[in-house]
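Numbering (my numbering), first residue to last: 404 to 931.
From the three backbone atoms N, C-alpha and C, an ideal C-beta is built for every residue, glycine too.
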Amino acid sequence: MISIFWLRILYYSFSTAGLAVLLSLIQTYPNWYSFAVAIGTNSYMFLVLANFVIAWHFILTEISIKIFFGRLRTLEANHVFERSWASLVGLIMILLSFQADNSLIMLLLVVNSFNLKCFGWMLVDRIEYKIQRSDTVKQLLASKEFVALNGCLGLAGLMTSVCDRSSLDSDNGEVYLLFAMEYTSTFLNLLKSYASLVLNSVEMTRIRLGIDQEEWESKTFYMKVTKLILSVLKFVLLLAVVWGIMSFYHVPISLVRDLYVSAVSLLHQVRELRAHLRTFSELNVKLSDATVQDLAEHDVCIVCHEEMDESKIGTGDRNTPKKLNCSHIIHLSCLKKWIDISQTCPMCRAPVFSDNSRSQNVNTDVAGPLPDNNPPPAIAVAQGTRDDPTPTIPSNSNNMADIYRSSPILNQIPRDAFRTERREIPGRSILENDDNSWFQFPLQSNSDNSFKVILNSQDYLRFGTDLGTTQARPSPHIVSSEDQGISSSSERNTDVNTETYQIIQNQAQTIANLQQRIHLLEQRLNSQ
């Protein structure tokens with residue numbers, strides 16, 4: 404079977420041969436002008452010329468990719484493949500929406516704009532990768548990626564200027580205006596990467612000069628502000644172009660999607676910046692510094708795993724130990740880095756900021772009594788062991804709702820530290836949010852080797868028969884013991900609020916889904 408490489412070689416060869424045959428016909432025309440008129444009026448000759456232009460444009464693009472990137476990473480190739488379809492359809496719609504006189508020039512603009520977009524996407528991903536791997540400013544500014552970024556910015560700016568001038572002088576002004584907007588969009592996207600590269604270079608310089616120890620904490624804020632400004636500029640330009648074309652022609656369908664995506668992205672960045680500012684302002688208000696007694700129990704940061712310094716308590720230094728609501732200790736600088744990624748504790752997934760802080764004296768071995776201390780009779784049971792954590796399916800099950808997944812790993816997680824967050828996971832487990840559900844962990848040790856998950860009749864009626872529905876589902880009653888009966892350990896009922904139920908359910912569902920994936924991977928490996 405012929406490989407893709409040889410297919411491309413054949414295509415480029417036939418395209419070049421077709422152009423050679425076309426140029427050999429020039430002897431039959433008195434001058435170049437008559438030959439050009441013949442090409443413009445003959446559709447077959449024009450098709451051969453257009454095919455050659457497209458082929459050699461892609462050849463130059465591939466050569467540039469080999470020079471500046473070498474072998475593409477899987478992430479870069481996937482991003483180009485995912486984004487290229489929508490971009491290509493939008494560019495083609497520009498040609499279909501308006502009547503263009505010079506088809507060859509329009510075709511060149513489409514191919515050039517598309518290739519520049521693809522090259523820019525690869526460049527953005529490669530620059531992010533380069534920033535993570537570079538330790539000095541010289542490694543960033545003397546790299547091939549930086550040279551390619553400047554070249555793409557210059558080309559995008561030049562093409563924007565050319566299309567903008569052509570929109571005023573040509574009869575196809577609206578088409579050139581749309582292409583000018585496409586090049587402007589590419590220019591602004593590349594400018595974000597340029598800003599990221601500059602800010603990271605400033606950070607490296609500050610660290611080298613001793614101004615900062617490990618990172619420039621204000622870099623995240625400046626990066627968010629820069630991206631927000633560029634997004635506002637892009638949205639305003641898109642809105643102006645759409646409004647201007649609508650005033651004289653019709654709605655530019657090709658820009659409607661870009662306008663919508665730009666508006667959604669702008670709103671998201673505004674909310675993200677507001678949340679960033681609010682979060683950083685609440686660090687010292689809602690989170691207290693760890694005390695000497697706290698450091699005596701836990702003196703290692705849960706992020707960087709470095710020992711805490713008691714002399715930094717109350718100083719406001721980047722190494723100030725902060726105590727989260729879940730009692731975990733973390734450096735202030737580590738907390739600022741982590742909080743941009745997630746609003747939860749990196750260890751136990753408990754919310755960093757909680758209005759209703761959970762009591763630190765809640766017993767973590769037992770969580771929650773049953774309603775009226777009298778659980779309904781069970782109608783389905785799924786059970787398993789530590790060696791085989793995937794529960795077996797009840798033989799009398801005629802419904803996927805009878806299949807449950809749980810794990811003794813839950814016994815090792817502190818009950819006062821879970822994450823409150825609804826996860827959009829396909830409903831293959833009943834461990835999901837329900838404000839009125841109850842949950843019980845009667846285990847007080849990790850010695851039990853087996854477990855059961857019991858669905859009672861009340862839960863079964865509320866669960867329904869359609870697993871695909873999105874209604875809230877109740878939580879199960881988990882029991883475990885050496886003989887797969889109820890644990891012989893003494894149980895102590897503790898009042899736990901509804902938020903705790905939801906937290907436990909979400910954490911259990913996450914672990915259950917991970918266990919299922921691990922089990923499937925083990926089966927595949929064994930089969931191979």
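With 16 or more other Cβ atoms inside 10 Å of its own Cβ, residue 912 counts as buried. The way I'd put it, the stretch 475-495 does touch the stretch 520-537; three or more beta-carbon pairs between them come closer than 8 Å. Between residue 455 and residue 418, the gap from beta carbon to beta carbon is short of 7 Å. Counting only runs that start and end inside the stretch 618-672, the alpha helix (DSSP H) elements of at least 4 residues fall at 622-651. Restricting attention to 736, 430, 919, the CA atom closest to the CA of residue 622 is found in 736. Residue 500 and residue 529 have their C-alpha atoms some 35 Å from each other.
Non-local beta-carbon contacts of residue 498 in its own chain, meaning distances under 7 Å to residues more than five positions away in sequence, involve 509, 513 in chain order. When the beta-carbon positions are compared, residue 516 and residue 544 stay at least 7 Å from each other. Taking each of 478, 640, 409 in turn and checking the Cα distance to residue 582, the smallest one comes out for 640. If you draw a straight line from the Cα of residue 428 to the Cα of residue 473, it is about 40 Å long.
When only Cα atoms are considered, residue 518 and residue 586 end up about 11 Å apart. Judged by DSSP in its simplified three-state form, residue 703 adopts strand.
For residue 726, the uninterrupted beta strand (DSSP E) run begins and ends at 724-726, by DSSP. According to the DSSP assignment, residue 732 belongs to the beta strand (DSSP E) that extends over 732-734. A distance below 7 Å separates the beta carbons of residue 705 and residue 733.
Three or more Cβ pairs closer than 8 Å define a contact, and the stretch 540-558 meets that threshold against the stretch 588-603. Inclusion of residue 614 and residue 682 in the CB contact set at 7 Å is not warranted, their separation being larger than that value. The stretch 709-719 and the stretch 683-700 touch, with no fewer than 3 CB-CB distances between them shorter than 8 Å. In this structure, 646 is the residue among 669, 646, 603 with its C-alpha nearest to the C-alpha of residue 580. Judged by DSSP in its simplified three-state form, residue 709 adopts coil rather than helix or strand. Taking 8 Å as the upper bound for CB-CB distance, residue 727 and residue 688 are not in contact here, some 14 Å apart.
Membership of residue 750 in any alpha helix (DSSP H) is not indicated, and neither H nor E is assigned to it by DSSP.
In the three-state DSSP reduction, residue 567 falls in the helix class (H, G or I). Beta-bridge analysis with DSSP links residue 743 to no other residue.
Where residue 603 is concerned, the enclosing alpha helix (DSSP H) starts and stops at 576-611.
A straight line joining the alpha-carbon of residue 914 with that of residue 730 spans about 22 Å. Residue pairing by DSSP places residue 754 opposite 747 in a beta bridge.
By the neighbour-count criterion, in which a residue is buried when 16 or more other Cβ atoms sit within 10 angstroms of its Cβ, residue 572 is exposed. Measuring C-alpha to C-alpha distances from residue 644 to each of 546, 450, 567 identifies 567 as the nearest. Ranked by Cα distance from residue 575, the options 667, 601, 465, 652 are led by 652.
Excluding its 5 nearest sequence neighbours in each direction, residue 478 has C-beta neighbours in its own chain below 8 Å: 528, listed in chain order. Buried is the label assigned to residue 724, since at least 16 other Cβ atoms lie within 10 Å of its Cβ. About 5 Å separates the Cβ atoms of residue 534 and residue 603, confirming a contact at the 8 Å cut-off. For residue 538, the three-state secondary structure derived from DSSP is coil. Across the set 542, 588, 438, the C-alpha of 588 shows the shortest separation from the C-alpha of residue 563.
The secondary-structure analysis by DSSP pairs residue 697 with nothing; it has no beta-bridge partner.
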